[in-house]
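Working notes, structure below.
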Amino acid sequence: MSDFKQDALDYHQFPKPGKISVELSTPAQTSRDLSLAYSPGVAEPVKAIAEDPENAYKYTAKGNLVAVITDGTAILGLGNLGPLASKPVMEGKSLLFKRFAGIDSIDIEVESESPQAFIDTVRRIANTFGGINLEDIKAPECFEIERVLKEQCNIPVFHDDQHGTAIVTVAGVLNALEIQGKKIEDASMVVLGAGAAAISCSKLLISAGMQPQNIFMLDRKGVIHTGRDDLNQYKAMFAVDTDKRTLEDAMDGADIFLGLSGPDLLAPELLKKMAPNPIVFACSNPDPEISPELAMATRDDLIMSTGRSDYPNQVNNVLGFPFIFRGALDVRSTAINEEMKLAAAHAIADLAKEPVTQEVLTAYGVDSMEFGKDYIIPKATDSRLLGIVSNAVAQAAVDTGVASLPMPANYPLKSISDI
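Numbering-wise (numbering that gives the first Met the number 0), the sequence shown opens with residue 0 and increments by one.
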């Protein structure tokens, strides 16, 4: 582990500090090049944009530029360490945007004394970008921050900790239910944790067909039920009329366990109480609510998923956010709505049923991989995600009227070189 720590620090320091840089996209060698790039040539696109703001997409990098913005109040599993400490994570997100979807991205860490100050800062700079990815903002403030920014900005605003996790989780749950022979409208689910990701996952699963009365969400005080008077408006949406009060009560007969809480909170005795052929998504990182080894030793009829790359069925946000923004940007969508998120989830789920390419097998050092209990979610190295997910998101944007452009002629994309 000490070697890995040093490797991680070296990776971020060498060959030069950080993970991203700015590159020129036009010639800048001759006197004429510089005259066109700056004064006097730059005056022409300035005047064109002043006449029609949409020309910013034509003459600047706006249309392929996403800001990754945080206040540093919920950094990975490390908590509130402040904006500056979050910079490596935000740079990492920018790296993933470029690596997987060819999207230029810049990280912005905001010192803000209140959610409103954060909102005001982001709103004032939003015009610079084609989209905004909010990241590592604690709940419940993150809900209001995203809601207000979506109202005040005419570009997509997307809190990936909420929706990216939800989209990949829904994809995995849909496939797991199919394999286990269960229907989403009949399935009961226990959600351990009531933060941003838990609430967003549950909302998107409802959009996918799960019945709200079949979702038992727990916070630190136990089951969120209609008799409680200590719930904020976001938790209150999931209050159910039930006599279940504890995790043990909720787990009795449950089909699905979704953990977005902390390590080792699901005891084997509770796993035994679940219905036959259970589905366990233990997504606490780096240590899940129950280890896959212990879970499999307890129940050999379950499907297991975690947030870790060293186990099967990883819930990995990189399967979603780069391609969701790619699709949204390419039709110049003004938002990323529920229909676009659901389209992404179904696209990811469907890809897992396709034959796995040699590219993926080579990347993971295996001879075969096929749809089943140990493969319900595609791998991040599957280059088909770019075309399949971006296409589904863009089409949903067009179909729901939030797109400003028609479907691009080069869709579905085959590779980043098509961008």
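The beta-carbon is built from N, C-alpha and C at its ideal position, and this holds for glycine as well.
Inset, instruction - State yes or no: is the C-beta of VAL169 within less than 8 Å of the C-beta of LEU203? - result: As a position in the sequence shown, residue 169 is number 170, starting the count at 1. As a position in the sequence shown, residue 203 is number 204, starting the count at 1. Yes. Within cutoff.
Inset, instruction - Pull up the distance between the alpha-carbon of ASP106 and that of GLY130, whole angstroms please. - result: Reading the sequence shown from its first residue, position 107 is the one you call residue 106. Reading the sequence shown from its first residue, position 131 is the one you call residue 130. So the two alpha carbons sit approximately 12 Å from each other.
Legend entry - Member of THR380, MET303, ASP254, GLN232 whose CA lies at the smallest distance from the CA of ILE422: Residue 422 is absent from the structure shown; the chain starts at 0 and stops at 418.
Inset, instruction - My understanding is that LYS425 touches MET250, with C-beta atoms under 8 Å, so please give their C-beta distance in whole angstroms. - result: Since the first residue of the chain shown is 0 and the last is 418, residue 425 is not available in this structure.
Inset, instruction - Go through its chain and collect everything with a Cβ distance to MET295's Cβ below 8 Å, but skip five positions before and after it. - result: Residue mapping note: residue 295 aligns to position 296 of the sequence shown, counting from 1. Once the five neighbours on either side are set aside, the close Cβ partners of MET295 are LEU301, MET303.
Legend entry - Contacting residues, own chain, Cβ-Cβ under 6 Å from ASN231 (five flanking each side not counted): Within the sequence shown, the letter at position 232 stands for residue 231. Contacts found: PRO139.
Inset, instruction - For the region 334-350 and the region 100-117, state whether three or more C-beta atom pairs, one from each stretch, are separated by less than 8 Å. - result: no
Legend entry - Cross-strand partners of VAL239 (DSSP beta bridge): Position 240 of the sequence shown, counting from 1, holds the residue named residue 239. DSSP output for VAL239 lists HIS224 as bridge partner(s).
Legend entry - Beta-carbon contacts of VAL355 that lie in its chain and below 7 Å, excluding the five residues immediately before and after: By one-based count along the sequence shown, residue 355 stands at place 356. These residues qualify, in order along the chain: MET368, GLU369.
Inset, instruction - Could you name the residues that DSSP lists as bridge partners for TYR37? - result: For the purposes of this step, residue 37 is taken as residue 38 along the sequence shown, with counting starting at 1. Paired residues: none, contrary to the question.
Inset, instruction - Have a look at ILE387 and PRO411 and give me their C-alpha separation to the nearest angstrom. - result: In the sequence shown, residue 387 corresponds to position 388, counting from 1. In the sequence shown, residue 411 corresponds to position 412, counting from 1. Approximately 7 Å between the Cα atoms of the pair.
Inset, instruction - State the DSSP-derived secondary structure class of ASP286, mapped to helix, strand or coil. - result: As a working mapping, residue 286 is identified with position 287 in the sequence shown. If DSSP states are grouped into helix, strand and coil, ASP286 belongs with coil.
Inset, instruction - Please determine if the region 368-385 and the region 317-333 are in contact, where contact requires at least 3 C-beta pairs separated by less than 8 Å. - result: yes
Legend entry - Assigned exposure category for GLN28 - 16 Cβ within 10 Å defines buried: For the purposes of this step, residue 28 is taken as residue 29 along the sequence shown, with counting starting at 1. Classification of GLN28: exposed, given that the 10 Å Cβ count is below 16.
Inset, instruction - Taking 8 Å as the cut-off, decide whether the C-beta atoms of ARG331 and SER403 are in contact. - result: Here residue 331 corresponds to residue number 332 of the sequence shown, with the count starting at 1. Here residue 403 corresponds to residue number 404 of the sequence shown, with the count starting at 1. In this structure, SER403 lies closer than 8 Å to ARG331 by Cβ.
Inset, instruction - In angstroms with no decimal places, state the Cα-to-Cα distance between LEU259 and SER199. - result: Here the question's residue 259 lines up with position 260 in the sequence shown. Here the question's residue 199 lines up with position 200 in the sequence shown. Answer to the nearest angstrom: the Cα atoms are 11 Å apart.
Inset, instruction - Please list, in chain order, all residues of the same chain as HIS162 whose beta carbon is under 7 Å from its beta carbon, the five residues on each side excluded. - result: Position 163 of the sequence shown, counted from the start, is the residue given in the question as residue 162. Counting only Cβ-Cβ distances below 7 Å, and skipping sequence neighbours, we find SER199, LYS340.
Inset, instruction - Could you tell me which residues DSSP pairs with VAL279 in its beta bridges? - result: For the purposes of this step, residue 279 is identified with residue 280 of the sequence shown, where counting begins at 1. Paired residues: PHE256, MET303.
Inset, instruction - Tell me VAL314's beta-bridge partners as DSSP assigns them. - result: Indexing the sequence shown from 1 puts residue 314 at position 315. According to DSSP, which records beta bridges pairwise, VAL314 is partnered with nothing at all.
Legend entry - For ILE278, the nearest candidate out of ILE136, ASP373, VAL401 (CA to CA): Here residue 278 refers to the residue found at position 279 when the sequence shown is read from its first residue. Measuring from the Cα of ILE278, the nearest candidate turns out to be ASP373.
Inset, instruction - Taking 8 Å as the cut-off, decide whether the C-beta atoms of SER206 and ASP135 are in contact. - result: On the sequence shown, position 207 is the one that residue 206 refers to. On the sequence shown, position 136 is the one that residue 135 refers to. Result no, Cβ atoms of SER206 and ASP135 do not sit closer than 8 Å.
Legend entry - Residue range of the unbroken beta strand (DSSP E) whose run includes GLY130: Position 131 of the sequence shown, counting from 1, holds the residue named residue 130. Start and end: 130-133.
Inset, instruction - Can you tell me the Cβ-Cβ gap for LEU265 and ALA281, rounded? I've got them flagged as a contact below 8 Å. - result: Against the sequence shown, residue 265 aligns to sequence position 266. Against the sequence shown, residue 281 aligns to sequence position 282. Indeed, because the Cβ distance is near 7 Å, the residues count as touching under 8 Å.
Legend entry - Continuous beta strand (DSSP E) stretch holding ILE144: start and end: In the sequence shown, counting from the first residue as 1, residue 144 sits at position 145. Where ILE144 is concerned, there is no enclosing beta strand (DSSP E), although the alpha helix (DSSP H) it sits in stretches over 140-151.
Legend entry - 3 or more residues per run - each beta strand (DSSP E) lying fully within the region 45-88: 64-69
Legend entry - Cutoff 7 Å; reference ASN316; Cβ partners in own chain excluding five residues on either side: Within the sequence shown, numbered from 1, the residue matching residue 316 stands at position 317. Taken in chain order, the residues that qualify are ASP159, GLY163, THR164, VAL167.
Inset, instruction - State the DSSP-derived secondary structure class of TYR410, mapped to helix, strand or coil. - result: On the sequence shown, residue 410 is found 411 positions in, with the first residue counted as 1. Coil.
Inset, instruction - Give the range of the beta strand (DSSP E) segment to which LEU217 is assigned. - result: For the purposes of this step, residue 217 is taken as the residue at position 218 of the sequence shown. It spans 214-218 - the beta strand (DSSP E) in which LEU217 sits, taken as one unbroken run.
Inset, instruction - Indicate the three-state DSSP secondary structure (helix, strand or coil) for PHE157 in the structure shown. - result: Taking the first residue of the sequence shown as 1, we reach residue 157 at position 158. Three-state result, PHE157: strand.
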